[in-house]
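Chain order of the listed sequences is A and B.
At the far end of the first sequence sits residue 411, using our numbering, and the numbering has no gaps.
At the far end of the second sequence sits residue 411, using our numbering, and the numbering has no gaps.
We put the CB at the ideal spot given by N, CA and C, even for glycine.
For clarity, every value in this text was computed on a predicted model and none was experimentally measured.
One structure below.
Protein chains: 2
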Amino acid sequence: MYDLLAGLRVVEGSAFIAGPSCGLHLAQMGAEVIRFDSIGGGPDYHRWPLAPGSDASLYWEGLNKGKKSVAIDLASPEGRELALAIATAPGDNAGLFLTNYPVKGFLSHEALKARRADIITVRVMGWADGAPGVDYTINAAVGLPMMTGPADDQRPVNHVLPAWDLLGGAYAAFAMTSALLRRRASGEGAEIRLPLSDLAATSLSHIGQVAEALTGGDRPRIGNDLFGAFGRDFVCADGARLIVVAITPRQWAGLVEALDLTAPVTALEAELGVAFRHDEGARFIHRHRLFPLFEGAFTTRSAADLQPAFDAGCVTWARYQSLNEAVTSDARLFTENPQFQTIVHPSGLTYSAAGTAATLAGEPRGAVVAAPRLGQHTEEVLSTILGLDSGAIARLHDRGLVA
Amino acid sequence: MYDLLAGLRVVEGSAFIAGPSCGLHLAQMGAEVIRFDSIGGGPDYHRWPLAPGSDASLYWEGLNKGKKSVAIDLASPEGRELALAIATAPGDNAGLFLTNYPVKGFLSHEALKARRADIITVRVMGWADGAPGVDYTINAAVGLPMMTGPADDQRPVNHVLPAWDLLGGAYAAFAMTSALLRRRASGEGAEIRLPLSDLAATSLSHIGQVAEALTGGDRPRIGNDLFGAFGRDFVCADGARLIVVAITPRQWAGLVEALDLTAPVTALEAELGVAFRHDEGARFIHRHRLFPLFEGAFTTRSAADLQPAFDAGCVTWARYQSLNEAVTSDARLFTENPQFQTIVHPSGLTYSAAGTAATLAGEPRGAVVAAPRLGQHTEEVLSTILGLDSGAIARLHDRGLVA
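So, in C-alpha cells, the structure goes:
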C-alpha cells in the first residue's frame, strides 16, 4: 500500500471483477474504500475458487483487500437510503462512487446527483446499451476465440484470464482519478460509464486490429506464433518448453547468437534475399523456414544450458510453467517478490497476497491489508460518516437493516 | 476525447503497447501528450499489422492517436539533452513523464529529478528486476497457457490478446493521475515502476488464483467451460455457436427458462440433491450432467430463434464471430458504436478508429484525433516549451538532431 491517494474516500457498491478491482487499486494506493455489502454477501461472495473445505471465496477476499465493509439490506427502501447517504456524504475528498449497479436503478447517477451535485460516479457495465455481458461473452463477440489456439484445430478457444474485467478495473481507477482532477479544478462532477463491450472494441482499435480487420479481413489462426515478428514455444533436450520472442533487432541478434544460429540464419537470409535483423515482418513471413533451425537448436540443449546464454544475450524468453510451480518456486514472480506479503485472510487462511502492481521507487511499500469481514465497519461508517449515535445504529441492527 | 485532463502536459518516450496505450488514454481524456520519437521512428514504428501494400503500421497509428510528435536523434548527447529538457520543463501541469526506457539509462529518474525535483515518472518494464520481458513471455511464466485451450489437448496455448500490456497501459495512467493528485497536495514527485511481471503476479493474486494454486494446486484445463459456475459454447441448429454464462441466480433462471429446460433441470436437481439456482458451484461440479440437456436444447433451435428468448430473459450470451464479422456488421460493438469515428490516418488510409472506452454521460464526446506524423510537432514543441527561436531550431535541423 502506498499513499498517493491518502485522504480520499471512495464508496463502492460492486461485485465481480472489474468494479472491485478498481476499488482495490484505489485502496492499495491509499484511498479509504468503503464497500457496501448485502447482508450475507452479494452475488460474488461465494464465487470460486473457494478455500479448501469451505465456502469462503478466495476470489472475493482477493478483490476486496484493504477495503471497509458496511453491510446493508439493499433490498429495503431504508437500506437504499443509507447507501445513498453514504455514497453522497460531503467532503472535498469524498463524493466518489464506484459501482456496477444498473444505470437506471436506485443508484442511478441522477439519484446520487440529486443529493450531491458534484458526485463522481464510475459505473462498470457489460454492454454499452445496458444488456448483460461478462468478460467471456464480450470476448466471444470480438472474435478473439477464433484466433486463439492451435492452428490445426478450428474450435474457438475462450481465454481463461478475465482480461477485459481486469482492464476495466484499472481503467475505471484511471477514470475516477481523472474526474477528480477535473472536479478539483472546476467543481464539476461526472458520470462515467465503462462498458466491457467498449473496452474490448476500443482496445482492438488501439492496437491496430480493427484497422487490420477492416482493411485485410481476419487474421488467420497461427497457434503460438507471435504475430508479425518472431516468437514461439520450443522444446528443449530436457523436455522443458520455452517461449522466445524477438521483436527488436537487438532481441533477434541476441537470440540467434545465443543459439549459435548465426551461420544457418545468414545462409537463409542469402537464399531468401532478406535481412531478418532489421525486418521483423520477414521473420514472421518466413517463420516456417526459420522454425526448423530453431527447433534443432533447442532439441540439442537443456533449459539449464540455455538459460545463461539467454540471459547473457538479453534474450526475451521464459519457461512455460504451471501457476502452482510459479507460486511455489518462482522467486521473481512470487516467492521472493516484495509485492507479496503473508497475511491472515477472512477465510481464516494465512497465505501470501499481493499489494500494488506498481513500485514507488524509494518509498515504503506499506502493508498488504486483508479484506474485511462482511459488516466489519458498519458501526464505524454509520457513526463517522452519517453521524448516527449508538442508539440509532442499534435500532438499524435490530430491524435487520444493517449487520 | 473528453476534457477530464485538459491542461495537463505529459511527455512520453515509449514504444510497444503498455507505455503508448497509457499515453493514449491520457491524451483521449484531454491531456497534451508529447511523444519524442527517434528520427525515422522507434522500434515499433513498423510493427505489424501494416496498412495494405505499405510499411505504415496500423498498430503504431492506433496507439498514438491524438498525441504530438517531436522527432529527436536520441542516440546523440545533444538529442538526449533536448529530450530531458522537454520532459522536465516547468509548470504545475507539466513534469509528467511516461516511458519504457531502462531504469538506468539516460532517462533515469535521477537524471530527470536533477532537473525537476517534483518530476513524476511512470516507467513500464518487463520484469521487475530489469530483465527483458514482454507480454507473451510473462504470460508463459504465470501458467495461463497451461490452463488455456481444449481439455483434450495438453499443448500450452498462448493468448493472442496482449492482456498484460493493455492492463499495464491503463494501470500506468491510473498511477500517473494518482501521483499527480499527491503532488498537488504535497509537492512530492515520484518514480513509479510498473513491471508486466508484477502486473501478472498481482492480478492473479487479486482474483484468487494465487491463493487457489497455493492451497489446492493447479486448476485443471477445462476447455471453454467457465470455472466455478455455468458457461460454455454451444452449437445451434443453424450451426451458429453461442456462449452462455450463468453466474448469478437470475442469470441461471433466465437461461433455463429461455431454453425450456425447467423440467429436466428440476429432475436433475432432485436426483443429485442440489439446487442449482442458488449454488453456482454445483452447476460447475455437475456440469457434465447439465451439458447434455443444454446441448439438446441448442441443437433444436436456431440462433435467430433463441435470440429473442435470450434477450427477453436477460440471458448473458453472445454469438462467436470473427473480428472481421464484428467490425463490418456488429452495430453495438463497431458499426454504430459512437466511440468510433472515421478519420484520416498518417498511413493515408481512412478508417474508423476509437476514442475512449469510457462514456461521460451527457458530455460531448469530442473528436477522435489521428496519430501524428513523425516530427509533426517538432518546431511547435521546441519553440513553445523550450523557447527556441526559428534560427536555433533550423540549426538543430541542419545538424540532424531533430526532424
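- A straight line joining the alpha-carbon of A283 (chain B) with that of T274 (chain B) spans about 8 Å.
- Distance from the CA of G48 (chain B) to the CA of A248 (chain A), rounded to the nearest whole angstrom, comes to 40 Å.
- Closest in C-alpha terms to H54 (chain A), from the list A:R229, A:E388, A:P354 and A:H385, comes A:P354.
- Annotation: R229 (chain B) is outside any alpha helix (DSSP H) and is labelled neither H nor E by DSSP.
- DSSP links S355 (chain B) through a beta bridge to no other residue.
- Beta-bridge partners of T367 (chain B) (DSSP): A:R201.
- Contact annotation, P158 (chain B) with R163 (chain A): C-beta distance approximately 6 Å; criterion of less than 8 Å satisfied.
- The CB of M37 (chain B) comes closer than 7 Å to the CB of S186 in chain A, given here in chain order.
- For chain A, the residues of the stretch 302-336 of chain B that bring a beta carbon within less than 9 Å of one of its beta carbons are D319, C322, V323, T324, W325, A326, R327, Y328, Q329, S330, L331, N332, E333, A334, V335 and T336, in chain order.
- For F242 (chain A), not one C-beta of chain B is nearer than 8 Å to its own C-beta.
- Taking a contact to require three or more Cβ pairs closer than 8 Å, the stretch 392-406 of chain A and the stretch 252-263 of chain B do not qualify as touching.
- Leaving aside the five residues that flank S213 (chain A) on each side, the residues in its chain whose CB is nearer than 8 Å to its CB run, in chain order, A219.
- In terms of beta-carbon proximity, D45 (chain A) stays away from the interface with chain B, with every pair separated by 8 Å or more.
- When the Cα atoms are used, V132 (chain A) and W172 (chain A) turn out to be separated by approximately 11 Å.
- Against chain A, the beta carbon of M9 (chain B) has no neighbour under 9 Å; the closest one sits roughly 12 Å away.
- The bridge partners DSSP lists for M37 (chain A) come to none.
- In its chain, beyond the 5 residues on either side, Y10, L12, L13 and T364 have a beta carbon closer than 7 Å to the beta carbon of M37 (chain A).
- The residue among A:A95, A:G383, A:R43 and A:R291 with its C-alpha nearest the C-alpha of G239 (chain A) is A:R291.
- In this structure, the CA atom of A361 (chain A) is about 11 Å from the CA atom of L71 (chain A).
- Under the three-state reduction of DSSP output, M184 (chain B) falls in the helix class.
- When DSSP states are grouped into helix, strand and coil, I128 (chain A) belongs to the strand group.
- For the stretch 150-165 of chain B, the beta-carbon criterion of a distance under 7 Å to any beta-carbon of chain A is satisfied by V150, G151, L152, P153, M154, M155, T156, G157, P158, D161, R163, P164 and V165.
- Between Y53 (chain A) and chain B, the shortest Cβ-Cβ separation is not below 8 Å.
- Taking a beta-carbon distance threshold of 8 Å, N108 (chain B) does not count as an interface residue toward chain A.
- In the structure shown, the three-state DSSP call for F114 (chain B) is coil.
- Contact of L212 (chain B) with chain A by beta-carbon distance below 8 Å involves L331.
- Note on V253 (chain A): 16 or more other CB atoms within 10 angstroms of its CB, so buried under the neighbour-count rule.
- Closest in C-alpha terms to P372 (chain B), from the list B:H385, B:V150 and B:P346, comes B:P346.
- The Cβ neighbour count for T343 (chain B), taken over all protein chains shown within 10 Å, is under 16; the residue is labelled exposed.
- Residue nearest to A97 (chain B) within the set B:R17, B:M154 and B:G74 is B:R17 (criterion: CA-CA distance).
- Residue pairing from DSSP places W325 (chain B) in a beta bridge opposite B:V252.
- For M133 (chain B), the pairing in a beta bridge is given by DSSP as B:P203.
- Look at P372 (chain A): its C-beta is not under 8 Å from any C-beta on chain B.
- Restricted to the stretch 276-323 of chain B, the alpha helix (DSSP H) segments that are unbroken, complete and at least 4 residues in length are 288-293, 295-307 and 311-320, listed in chain order.
- The beta carbon of D226 (chain B) falls within 8 Å of a beta carbon belonging to chain A, placing the residue at that interface.
- S65 (chain B) counts as buried, since at least 16 other C-beta atoms from the protein chains shown sit within 10 angstroms of its C-beta.
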